[in-house]
Amino acid sequence: MIVVGLTGGIGSGKSLVAKMFSSLGIAIYDSDTQAKHIIATNPQVKQAIKVLLGEEAYVDGVYNRTYVASIVFADTEKLAQLNNIVHPALTLHFMQWKEKQQSPYVIKEAAILFESGAYKHCDYIITVTAPEKLRIARVMKRDNINEAQVVERMKQQWTDAERIALSDAVIENIDIDKTLKEVQKLHTQLLKNIEKGR
Numbered sequence: 004m005i006v007v008g009l010t011g012g013i014g015s016g017k018s019l020v021a022k023m024f025s026s027l028g029i030a031i032y033d034s035d036t037q038a039k040h041i042i043a044t045n046p047q048v049k050q051a052i053k054v055l056l057g058e059e060a061y062v063d064g065v066y067n068r069t070y071v072a073s074i075v076f077a078d079t080e081k082l083a084q085l086n087n088i089v090h091p092a093l094t095l096h097f098m099q100w101k102e103k104q105q106s107p108y109v110i111k112e113a114a115i116l117f118e119s120g121a122y123k124h125c126d127y128i129i130t131v132t133a134p135e136k137l138r139i140a141r142v143m144k145r146d147n148i149n150e151a152q153v154v155e156r157m158k159q160q161w162t163d164a165e166r167i168a169l170s171d172a173v174i175e176n177i178d179i180d181k182t183l184k185e186v187q188k189l190h191t192q193l194l195k196n197i198e199k200g201r
């Protein structure tokens, strides 16, 4: 099974691109959603997070996202340690999920595909980009936060240039119709590549 990594900086619109691939019959693994589920339900992960960030990381058993974000987005080392707790569990979950899929290839959508090292398990990588001002505006609207908070999160991620250097394809997501055409083109190309490899 071919694994296609799909990534992009915050506000680039990678989730929209994932939905477009999904509409073409491709199975999508949403790493961010699955990571949240693991953080909320996996006993070993919960315990490790409490040891790292304190009991306040969970309030009445519920993950205290605001508290955790206030620590890790201001401390690169703590963010890396948190990722080192969550990502091994996420990788295992993804491997189990992948075995059950029937589509010609699967897409692993992840905001921090490179930062977490997950890109090493992908056969092909697509990076979604958009101008920084547009990305900031999208995230401010989506998450109801201010520009400084968005910029702080951006600093924790790789730059577009760093992502593109390790990617096989780039989709610029400004105009939705152009984005869809790019997705359809890449889908056709991937199917051809799979056919050639058989």
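So the sequence shown is residues 4 to 201, counted in my numbering.
We treat Cβ as the ideally placed atom computed from N, Cα and C, and that holds for glycine.
Asked, Found
"Residue(s) in a DSSP beta bridge with A151", "In the DSSP output, where bridge partners are listed per residue, A151 has none listed."
"Bounding residues of the beta strand (DSSP E) (the contiguous stretch that carries D33)", "A30 to D33"
"Among V48, M4 and G12, the one whose alpha carbon lies nearest that of V131", "G12"
"Identity of the residue in K22, R68, V20 and I29 nearest H40 by Cα", "R68"
"C-alpha distance - A140 paired with R156, whole-angstrom precision", "14 Å"
"For G8, the residue or residues it bridges with in DSSP", "K111 and I128"
"Test item: CB-CB of Q105 and A30 under 9 Å", "yes"
"Cβ contact check for the stretch 21 to 37 and the stretch 46 to 66: 3 or more pairs under 8 Å", "no"
"Whether L194 touches P107 by CB criterion (9 Å)", "yes"
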